[in-house]
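Residue numbers (this note's numbering): 988 to 1364.
Just so it is clear, CB atoms sit at the ideal spot from N, CA and C, and this is done for glycine as well.
Model, not experiment: these values are computed from the prediction.
First up is the structure itself, then whatever we jot down about it.
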C-alpha cells in the first residue's frame, strides 16, 4: 500500500508539473459581451505564429476573430469559446485576457443630465481657428451634412456593424461643440466620424479599441496633428486603457469624459488614463456640475451644463443637453486652436500648456481635485 501510494503521488506530481500555467481571465465591472474577449500578447511574442495555431482551432469551434490590432497593442479580439479559449489560456504568448465589456454615453443614472439647472451656454463667440487639425469624434457617428460643419466633416470608419450614420445625435452634438462653425470652438478644424457606439448609445470595448487603432493608422497616413475626443466610458478595463495610452505615446492628443456618476473618475475607463486629458463638467457659474465625476485624474473642467449644439434630423437642427460628454469636446476644440496658433507639440507638452493657461476658478469639487477651468490661449 505504501509503495503504491508513493507511486501514485509521484505520478500526480509529475502531471501537475507538466500542466501549463493558465492565464487567468481578468474580472471587469459592468456588462460584458457574452463569449467575447480581448487578448494582449507579450512583447516579442510571435503573433502570426500564435494566430496561425489559433486559426486551426477556430475552424472547428464556435469562435471567430473580430479584430487583429496592429497599431495600439500586440493583440486581438473576438468571440472565443471552448477549445479556442483553452488554447489561449495555456499559451505562453499571452499577457492577459479580458472579457469584452460594454461602454456607453449613458453608463450610470443621471448621465447627460438633460434637466440640469443653469442657462444654456452659447459658445459662438469663441469660435475660431484649428485649421489643418483633424478632430476624430469617437462616438455614435456624426451628421456630416449639418450646416455647422460647412463641408469640413467626413465619415472615417464604423466599427460594430452599424450603419454609417448618427441615429442618436450625441456624436453630432459633441463634434459640433469641438469644431462647429455655429456652436463650436475650432471652426476651421476637420471633423472625422468614427462610429463605435450604437444608435442606442452603447458599444463593445473591442469596437472602441478598433476605432483608436484606426485613428493611429490614419494619423500616420495624413501626417496632420490629430485629436481624438471620447465622450464615453464604462467600468475600468485594462485593454482600452492600454490602447489609449499607446495612441498617446504615438503623438495622438486625447480628450476623455470624466463621467457623470459623481464618483472618482479614477475608477472608470478610459477616463483614468493618466496621460490623457480627462475633463470634468462645470456650469455657467463655474461650479462643478452635480453629476460630474471628479478626482486627481481630472485635468481641467469645461462647460457641460445645457450646452447648445448641432443635432440630427435636419441640417439646422439643434439641441441643448448636459454632461461631461459636452465638456470634453470643448477642450478638444481648445487644443485644436492652440495647435493651429502655436504648432503641434507632444501630448504631454500640450496638456501641460492646457493646465498652465487654465483659470483656477471652479468651485464645488472635492478635495484633491483640480479647480482649473479650460480656457483658450
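Asked, Found
"C-alpha distance - residue 1138 paired with residue 1309, whole-angstrom precision", "26 Å"
"Cβ separation of residue 1136 and residue 1199, assumed to be a contact under 8 Å, to the nearest whole Å", "Going by Cβ atoms, the distance from residue 1136 to residue 1199 rounds to 23 Å, so no, they are not a contact pair."
"Helix, strand or coil at residue 1337 [DSSP, three-state]", "helix"
"Contact set for residue 1355: own chain, Cβ-Cβ below 8 Å, skip 5 residues either direction", "1282, 1283"
"Neighbour-count burial assignment, residue 1069, 16 or more Cβ in a 10 Å radius", "exposed"
"DSSP state of residue 1193 mapped onto helix, strand, coil", "helix"
"Secondary structure, beta strand (DSSP E): runs of 3+ residues fully inside the stretch 1251–1296", "1264–1269, 1287–1290"
"Contacts around residue 1361, its chain only, beta-carbon distance under 6 Å, and the 5 residues preceding and following it disregarded", "1287, 1289, 1318, 1321, 1345"
"Residue 1317 - containing alpha helix (DSSP H), residue span", "1311–1329"
"Of the listed residues 1034, 1232, 1214, 1050, nearest to residue 1196 (C-alpha basis)", "1232"
"Test item: CB-CB of residue 1255 and residue 1221 under 9 Å", "yes"
"As assigned by DSSP and simplified to three states, the class of residue 1199", "helix"
"Segment contact, 8 Å Cβ cut-off, at least three pairs: the stretch 1166–1174 with the stretch 1079–1086", "no"
"Whole-angstrom distance between residue 1009 and residue 1091, CA atom to CA atom", "32 Å"
"DSSP beta-bridge partners of residue 1130", "DSSP output for residue 1130 lists no bridge partner at all."
"Beta-carbon proximity of residue 1268 to residue 1130, cut-off 9 Å", "no"
"Buried/exposed call for residue 1264, threshold 16 Cβ in 10 Å", "buried"
"Under 9 Å between C-beta atoms of residue 1153 and residue 1128", "yes"
"Residue 1217, DSSP secondary structure in three states", "strand"
"Per-residue DSSP class, three states only, for residue 1037", "helix"
"For residue 1341 and residue 1057, the rounded distance between their alpha carbons", "31 Å"
"Straight-line gap, residue 1250 to residue 1279 (C-alpha atoms, nearest Å)", "8 Å"
"Buried or exposed by the 16-neighbour rule on C-beta atoms within 10 Å, applied to residue 1157", "buried"
"Straight-line gap, residue 1141 to residue 1159 (C-alpha atoms, nearest Å)", "12 Å"
"Buried or exposed by the 16-neighbour rule on C-beta atoms within 10 Å, applied to residue 1049", "exposed"
"Pick from 1046, 1147, 1060, 1086 that is closest to residue 1071, judged by C-alpha positions", "1046"
"For residue 1144: DSSP bridge partner residues", "1181"
"Close Cβ partners of residue 1229 (< 8 Å) along its chain, the five nearest in sequence each way excluded", "1027, 1059, 1060"
"Own chain partners of residue 1316 with C-beta closer than 6 Å, once the 5 adjacent residues on each side are dropped", "1161, 1164, 1165, 1216"
"8 Å contact criterion, which residue 1311 and residue 1245 should meet: CB distance rounded", "5 Å"
"Residue from 1325, 1043, 1023 with nearest C-alpha to residue 1116", "1325"
"Close-in-space but distant-in-sequence residues of the same chain around residue 989 (CB under 8 Å, 5 per side omitted)", "With a pLDDT of only 45 at residue 989, under the threshold of 50, the placement of this residue in the model should not be trusted; the figure read from the coordinates follows. If we look at residue 989 and ignore the five residues flanking it on each side, it has no Cβ neighbours."
"Where residue 1082 falls: helix, strand or coil (DSSP)", "strand"
"With 16 other Cβ atoms within 10 Å as the buried cut-off, status of residue 1350", "exposed"
"Own chain residues within Cβ distance below 6 Å of residue 1066, not counting five before or after", "1022, 1023, 1050, 1051"
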